[in-house]
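Protein chains: 2
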Amino acid sequence: MQRTNFGEMACSIARTLDVIGEPWSPLILRDVWVGLTRFEQIQADLGISRKVLTERLNHLVDQGVLERRPYDQRPRHEYHLTQKGTELVDLLMVMAGWGDKWLAGEAGPPVLYRHHACGEVSGVDLRCAHCGEPMHASDVDLLPGPGAAA
Amino acid sequence: MQRTNFGEMACSIARTLDVIGEPWSPLILRDVWVGLTRFEQIQADLGISRKVLTERLNHLVDQGVLERRPYDQRPRHEYHLTQKGTELVDLLMVMAGWGDKWLAGEAGPPVLYRHHACGEVSGVDLRCAHCGEPMHASDVDLLPGPGAAA
DNA sequence: AGCCTCAAGTTCCCTAAAGGAACCCAAATT
DNA sequence: AATTTGGGTTCCTTTAGGGAACTTGAGGCT
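Same order as they appear, the protein sequences are chains A and B.
Residue 75 in my numbering sits at position 82 of the first sequence; the count goes up by one each step and never skips.
Residue 23 in my numbering sits at position 30 of the second sequence; the count goes up by one each step and never skips.
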C-alpha cells in the first residue's frame, strides 16, 4: 500500500512512528534487547518473513537504533542496540506494563521485571524528570514548542 | 497484505501492538487526547483516509480504548478516552520524549509539557513503581511470569 | 413542500506492502 | 567434490492503505 510518511510531521510521536512504527519493528527490538541478536534467531523466534525482517533490520540500522557487527571471518553479523536504541527500550517497558495490566487476562503476565536497585519484581511508573512526582495524561498542559509548525 | 496476528502471542508488547500497533492509531489517540474528538476534526488534522479512520476508530472502540458518545439528536458522535485509553497516553508521552530527544533536530521539540505539580516544563522519566529509583533497559532482569508460554 | 447543508460513514478502484516459499552465495566442514 | 550454515534475495499472491465519489439521516432555509 502507499503509506503516508510520518517523518515529515511536526510531531515527535509521528516521527518516532517513522522509526519503529512499522509492523514487527518493536518486536525485533525486544528480541535484540533480550539477547536474540542474529538474523536466524530473530526469524525463528518471531516467525516473520525473511524478506520483511531484512527490510526492518536495514531500516533500524539506517535510523541508528541498531548496529550491525561482524562476529566471524565469514559474512556473519549480530545486531546490537545503540544508545539511541537502548533508550527506545523505555517504550517497550511501558508497552509491556500496559499490556500486563489490561491484556494479560487470567494467566497473568508472561514476563516479570526484577529491578536491580531494589531486587523486587516491579513495573515502571512515569515521573516528572524535574520534580519526581507522578506525570500522566491529566498531569500536564501542552504548550507550543520552538519546533512547532508555523 | 495479510498481517500476522500479534494478539495471540505470549508477549505483552505484541498484545499491545495488536491494539494500537496499526498505522495511525497512536496519532488518533493523540488527537483525542488533545481535544480533537470528532471524525471530521481528526480526519482534517491527520489527512488520513476516511476509510482507514473509520476502521481505526471502530477497532479502538472495540478494544475499549475509546468510547463513542452522541452529542446531538442527529447521528453525531465524539470519541473519548476510557480509563484504559487514558493509561495508553503514558506510551504517547514516552514516544514524544524519545522523539524530542533524538529526532527534533535544530528546531527543537514541537510541543512542550508543563507539569501541573511543579509548574515546570519537563518530560517523563521511568521509575520503579516499588522503590522509585530509575528503571531503564539495563536496570532489570527478565523472569518468566505466570502467563509464560509452556 | 422542496431544497440545501453537514457530520459521519461507505463504496470503489488502484497501488504498494506483507507472507511465503524457493533460490543464491561465500566460507568452512566432511 | 559435496554439504552445511548464516544471511540474505527473488518472485508471486493476497490484502491493506490512499483517495475520491457517493450515501444517509436529521435539521434549517425560503
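Think of the CB as a built atom: it goes at the ideal place given N, C-alpha and C, for glycine as much as any other residue.
Comparing alpha carbon positions, the residue from A:L136, A:A130 and A:Q66 closest to B:L84 is A:A130. Annotation: B:D93 is outside any beta strand (DSSP E); the continuous alpha helix (DSSP H) that includes it extends over Q76 to L96.
What B:Y106 touches in chain A, judged by beta-carbon distance under 7 Å, is V133 and L135, going in chain order. Just measuring C-alpha positions, the residue of A:M128, A:G140, A:V45 and A:P68 sitting nearest B:L96 is A:G140.
For B:L10, the chain A residues whose Cβ falls inside 7 Å of its Cβ are P19, in order along the chain.
Burial state of B:T9 is buried, judged by a 10 Å Cβ sphere holding 16 or more other Cβ atoms. Taking CB atoms only, B:V27 has a neighbour in chain A less than 8 Å away.
Taking a C-beta cut-off of 8 Å against chain A, the contacting residues of the stretch 66 to 84 of chain B are L74, K77, T79, E80, L81, V82, D83 and L84, listed in chain order. B:E1 and B:A142 have their alpha carbons spaced roughly 11 Å apart.
Secondary structure of B:H52 (DSSP, three-state): helix.
Around the CB of A:D65, fewer than 16 other CB atoms lie within 10 Å, so the residue is classed as exposed.
Between the alpha carbons of A:C111 and B:C124 lies a gap of roughly 6 Å. In the DSSP assignment, B:L136 falls within the unbroken beta strand (DSSP E) covering V133 to P137. When DSSP states are grouped into helix, strand and coil, A:S42 belongs to the coil group. With a beta-carbon spacing of about 22 Å, A:G40 and A:V58 fall beyond the 8 Å limit used to define contacts.
Of B:P102, B:M128, B:E113 and B:L105, the smallest CA-CA separation from A:Y106 is found for B:M128.
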